[in-house]
Amino acid sequence: EKQAGGGGAPLPVEIRKFDWHLFLRQAREMQTAEELWISLSPFVTPLGMALGTLPASDGGEGGSNCPEWRQRQDGLLRYNCADSLDRTNAASYFIAVQVLVEQCRRVGVDP
């Protein structure tokens, strides 16, 4: 466990191994991406996501640029491929699509 930046409570750190090459040899890219999401979703879903609004500003000095939060995110996900930036970027894309679908669902937009 790591300490929070402000010296607060320890933050949990999960390390997950996913062998993109192994799955890719056994299946196609979309199936591999689905397996990646199946592997990560139990960790991503509980983190939630930040939801809020940013009030419109009239450009004057009296306006507030502070968001009005309805929900805060409880953590983050970091991932990388040890030997390939291309695979890291592919994983980023496939995970971002899944997260975008969930964000749309939560704000009432039909993806």
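So in our numbering the end of the sequence shown lands on 100, straight run, no missing numbers.
We treat Cβ as the ideally placed atom computed from N, Cα and C, and that holds for glycine.
Since the structure is predicted, the reported quantities are computational estimates derived from the model, not experimental observations.
Between Cys70 and Thr77, what straight-line distance do the alpha-carbon atoms span, to the nearest angstrom? 5 Å
Near Thr42, which residues of its chain fall below 6 Å by C-beta distance, leaving aside the five closest residues on each side in sequence? Glu57
From Arg61 to Glu3, what does the alpha carbon distance come to, in whole angstroms? 20 Å
Among residues of its own chain, excluding the 5 on either side of Val33, which ones have a beta-carbon nearer than 6 Å to its beta-carbon? Leu66
Secondary structure, alpha helix (DSSP H): runs of 4+ residues fully inside the region -3 to 71: 9 to 15 and 18 to 33
Buried versus exposed call for Leu29 [16 or more other C-beta atoms within 10 Å across all chains shown]: buried
Using alpha carbons as the reference points, say which of Leu25, Gln15, Leu11 and His10 lies closest to Ala80. Leu25
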